[in-house]
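Enquirer: The sequence shown begins at 9 in my numbering and counts up by one.
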Amino acid sequence: MDNEPGRVGIERENEEHTWTEHIEIAASELVQRTKELIEEGNVRRLIIRNQDGEVLLEVPLTTGVAVGGVVTILAPVLAALGAMAALLTHVKVEIVRTKGGDRE
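1. DSSP three-state label for L64, please.
2. Bridge partners of E37, per DSSP?
3. Under the three-state reduction of DSSP, which class applies to G72: helix, strand or coil?
4. So for T116, helix, strand or coil by DSSP?
5. Measure how close the beta-carbons of E102 and R57 come, nearest whole angstrom, since I'm counting them as under 8 Å.
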C-alpha cells in the first residue's frame, strides 16, 4: 500500500461479500441440485449434512473457472453424492455464496 496523501488504504472494488443459505432436499435430488448450484457461478462452497446435522461432505468450489470445467473436475464428487443419496432420504445443504466487485 502506498503512503501517498489522499490515498485510501482499502480497495473497495475487490471486496468479496459472502452469505450462507440452508436448504433441505430429498437425497434423490442431491446430484441434480448440486449441478445447478455449480452452474450458478457464485457458489463458493457446498456443505452436505445428514438429517442429524453431521457433515458428510464439504466441497470447495473455485470461482472464475468455466462451468464445463468445474463439472468435469467435480465428476468424482458428483458420483460420491449419488452413492450417498442411495443411502439417505433427506439431506441438508449449506450453500456459501459470494458476490465480489470483480465478478459482478
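Just so you know, even glycine gets a beta-carbon here, dropped at the ideal spot from N, CA and C. Note that the coordinates shown come from a computational prediction; the quantities given were computed from them, not determined experimentally.
Expert: Inspection of the coordinates gives the following:
1. In the sequence shown, counting from the first residue as 1, residue 64 sits at position 56. Three-state result, L64: strand.
2. Mapped onto the sequence shown, residue 37 falls at position 29. E37 pairs with nothing; no bridge assigned.
3. Taking the first residue of the sequence shown as position 1, residue 72 is located at position 64. Residue placement at G72 is flagged as unreliable, the pLDDT there being 49, under the threshold of 50; the coordinate-derived value follows with that caveat. In the structure shown, the three-state DSSP call for G72 is coil.
4. The chain is shown only over 9 to 112; residue 116 falls outside these bounds and no answer can be derived.
5. For the purposes of this step, residue 102 is taken as residue 94 along the sequence shown, with counting starting at 1. For the purposes of this step, residue 57 is taken as residue 49 along the sequence shown, with counting starting at 1. With 8 Å as the limit, E102 and R57 qualify as a contact, their Cβ atoms being about 7 Å apart.
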